[in-house]
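Structure record follows, encoded as structure tokens.
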Amino acid sequence: MHPDLIVVGGGPVGSRVAALTARSMHTLVLEEHSEVGVPVQCAGLVTPRVVKTACAEDTVLNKISGGVVHFPGGTTIELNGNETKAVVVDRKAFDVACYEKALEAGAEFMTDTRFTSFSRRDDALAVEAVSHGKSRAFHTSLLVGSDGYKSRVGSAASISRPRDSVKGMQTDIGRRLEDQDRLHVYLGRKIAPGFFAWIIPCGDSTRVGLCVKEEYGAPSKFLSSFLKAQGLDGSDRLSSISGIIPIGPPQNTFADRIMIVGDAAAQAKPLSGGGLYTGMVAADCAASTAIEALERNDFSARMLSRYQERWRSEIGKELDRGYRIRKVFVRLTDRKIDEIGKLMDRRDVLEILSQGDIDYPSKLAPSILRSIPSLLRLSPQILGSLLGK
Ligand SMILES: Cc1cc2nc3c(=O)[nH]c(=O)nc-3n(C[C@H](O)[C@H](O)[C@H](O)COP(=O)(O)OP(=O)(O)OC[C@H]3O[C@@H](n4cnc5c(N)ncnc54)[C@H](O)[C@@H]3O)c2cc1C
48 MHPDLIVVGG GPVGSRVAAL TARSMHTLVL EEHSEVGVPV QCAGLVTPRV
98 VKTACAEDTV LNKISGGVVH FPGGTTIELN GNETKAVVVD RKAFDVACYE
148 KALEAGAEFM TDTRFTSFSR RDDALAVEAV SHGKSRAFHT SLLVGSDGYK
198 SRVGSAASIS RPRDSVKGMQ TDIGRRLEDQ DRLHVYLGRK IAPGFFAWII
248 PCGDSTRVGL CVKEEYGAPS KFLSSFLKAQ GLDGSDRLSS ISGIIPIGPP
298 QNTFADRIMI VGDAAAQAKP LSGGGLYTGM VAADCAASTA IEALERNDFS
348 ARMLSRYQER WRSEIGKELD RGYRIRKVFV RLTDRKIDEI GKLMDRRDVL
398 EILSQGDIDY PSKLAPSILR SIPSLLRLSP QILGSLLGK
């Protein structure tokens, strides 16, 4: 088989690349599982723009218009809105919607097919895979790795690993929250060191989860304590998931005939861990670059560097600013986090926060720093560099 493009990974990002390229070239997607959308490793919280882009309106379980942030000492700040800021999707159904778009565009999928390696030929890549237990070989002009945080394509191409990562665990419990409009975020080293915990209403069930920085060990022990502290440990656990969120893209997300996209390129937002929006944006950039490369019959690293220029111009600033703010956040003690909570509990700051866009959370940083200049003392160099940008 000689497809023009092989996409490794039939997650939402791989399917998006396939949906956008398959009308211009023969696109083959290799997916190691026997169906797309499993296992789920996600809270499913996205902005309405993500759902619209993926034409996945039918997968929405709930709409969220506000939130409550809980600081470790008990301070809370409440953000109330009257418009939908985020939606909760059924992540499996969302992935299937993305897959169906790719099929409609003419992409071919091979499930139960795991990419193992590639080697370079004069005018192509020879790609090795194991399909239904048997070795398979393909030739292709271009390879896109959208194969998640472990990215075998990235390691086979010697593209370096993400700069940081967090481990997450989540359980859906069979309890209906009275307030269906607001989600809850909990901060603190004892609760979720290096990240945060969440409670998201989803109709008759509730999503409870957290992520921790890898060095603190398994998130399961933090989740058990959190459920207990919230009085939710007695509720029915309908399902549980776990996964890793890579944070901080490597220096290069391309090489000769190769691009890596989505979690494979650690493109999740460093402050929230959300990777669907940024992954879809990067997928668009990879697809347009793939189409140009085929038109010019030029698959060199120089040509594919356009992909990186494009995604950096769309989301690079957000990922970079978010990464810098996260560097300050992970060093904070619970006392400091609490002090920040008290400083932020002001009408003008709450107004700034309630106007935020969860796809671009770090955009709020300059306005907040101008309203509370004492925050600059936390890290004059890093936070100062965010002012005016
Ligand atoms: C606990 C948790 C909660 C999260 N919550 C949210 C959230 O609320 N909102 C949000 O936007 N993001 C969230 N994320 C992040 C989000 O899930 C990812 O950013 C997103 O799934 C990335 O999509 P992707 O297509 O790049 O990778 P994936 O969804 O990981 O898809 C990769 C695909 O590649 C396949 N694959 C891997 N290796 C191979 C191989 N060798 N050969 C063939 N196929 C292969 C896998 O089977 C998989 O189907 C969360 C992550 C975690 C862990």
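Under this note's numbering, the first residue of the sequence shown is numbered 48, with each subsequent residue one higher. Built from N, CA and C at the ideal position, the CB exists for glycine as well.
{"query": "Quick test of the definition: if touching needs 3 or more C-beta pairs under 8 Å, does the segment 107–116 touch the segment 222–234?", "result": "yes"}
{"query": "Since I believe Leu-189 is in contact with Leu-52 (beta carbons under 8 Å), could you give me their beta-carbon distance rounded to a whole number of angstroms?", "result": "5 Å"}
{"query": "Nearest to Arg-183 by CA position, among Ala-239, Leu-150, Glu-79 and Leu-224, is which residue?", "result": "Glu-79"}
{"query": "Under the DSSP definition of a beta bridge, which residues are partnered with Ala-173?", "result": "Ser-166 and His-186"}
{"query": "Of all the options Gln-402, Ser-287 and Ser-198, which has the alpha carbon lying nearest to the alpha carbon of Val-255?", "result": "Ser-287"}
{"query": "Which residue comes first and which comes last in the alpha helix (DSSP H) that contains Pro-43?", "result": "Look at the range of the chain in this structure, 48 to 436, and you will see that residue 43 is not part of it."}
{"query": "Mind checking which residues open and close the alpha helix (DSSP H) that includes Arg-343?", "result": "323–343"}
{"query": "Quick one: Cα of Leu-423 to Cα of Thr-218, how far?", "result": "37 Å"}
{"query": "Could you check if Pro-427 is buried or exposed, using at least 16 other CB atoms within 10 Å of its CB as the buried criterion?", "result": "exposed"}
{"query": "Inspect the CB distances between the segment 275–293 and the segment 201–216 and report whether three or more fall short of 8 Å.", "result": "yes"}
{"query": "To the nearest angstrom, how far is the alpha carbon of Tyr-354 from that of Arg-208?", "result": "18 Å"}
{"query": "Quick one: what does DSSP say Lys-410 is sitting in, helix, strand or coil?", "result": "helix"}
{"query": "Leaving out the 5 sequence neighbours to the left and right, which residues in its chain are closer than 6 Å to Gly-128 when beta-carbon positions are compared?", "result": "Ser-112, Gly-113 and Ser-401"}
{"query": "From the DSSP output, which residues share a beta bridge with Asn-109?", "result": "Val-135"}
{"query": "Counting C-beta neighbours from all protein chains within 10 Å, is the total for Met-72 16 or more, i.e. buried, or is it exposed?", "result": "buried"}
{"query": "Closer than 6 Å: is that where the CB of Leu-108 sits relative to any heavy atom of ligand 1?", "result": "no"}
{"query": "Does the distance from the CB of Ala-312 to the CB of Thr-300 come in under 7 Å?", "result": "yes"}
{"query": "Nearest-angstrom Cα distance between Glu-361 and Val-328?", "result": "8 Å"}
{"query": "Cβ of Pro-59 versus every heavy atom of ligand 1: is any distance shorter than 6 Å?", "result": "yes"}
{"query": "List the endpoints of the continuous alpha helix (DSSP H) containing Ile-214.", "result": "Note that residue 214 is Lys in the sequence shown here, rather than Ile. Looking at the DSSP string, Lys-214 is not in any alpha helix (DSSP H); the run it does join, the beta strand (DSSP E), is 211–220."}
{"query": "Compare the C-alpha of Ile-415 against each of Asp-395, Gly-326, Ile-429 and Cys-332 and name the closest.", "result": "Asp-395"}
{"query": "Buried or exposed: Ser-193, going by 16 or more other Cβ atoms within 10 Å of its Cβ?", "result": "buried"}
{"query": "In this structure, what does DSSP give as the bridge partners for Ser-287?", "result": "Thr-218"}
{"query": "Identify the continuous beta strand (DSSP E) that holds Thr-123 and give its terminal residues.", "result": "123–126"}
{"query": "Using the C-alpha atoms, what's the distance from Val-64 back to Gly-153?", "result": "12 Å"}
{"query": "Below 8 Å, how does it come out for the segment 233–252 and the segment 262–276: are there three or more Cβ pairs, yes or no?", "result": "yes"}
{"query": "With C-beta atoms as the reference, is Ser-409 less than 7 Å away from Arg-373?", "result": "no"}
{"query": "Please state if the CB of Ala-204 and the CB of His-186 are separated by a distance shorter than 7 Å.", "result": "no"}
{"query": "In the structure shown, what three-state DSSP assignment does Arg-229 receive?", "result": "strand"}
{"query": "May I ask whether a heavy atom of ligand 1 can be found less than 6 Å away from the beta carbon of Glu-356?", "result": "no"}
{"query": "Counting beta carbon pairs with one atom in the segment 316–324 and one in the segment 164–181, are three or more of them shorter than 8 Å?", "result": "no"}
{"query": "Would you say the beta carbon of Ser-401 comes nearer than 6 Å to a heavy atom of ligand 1?", "result": "no"}
{"query": "Go ahead and label Leu-366 buried or exposed: buried means 16 or more other beta carbons lie within 10 angstroms of its beta carbon, across all protein chains shown.", "result": "buried"}
{"query": "Could you tell me the alpha carbon to alpha carbon distance between Asp-331 and Asp-142, rounded to whole angstroms?", "result": "16 Å"}
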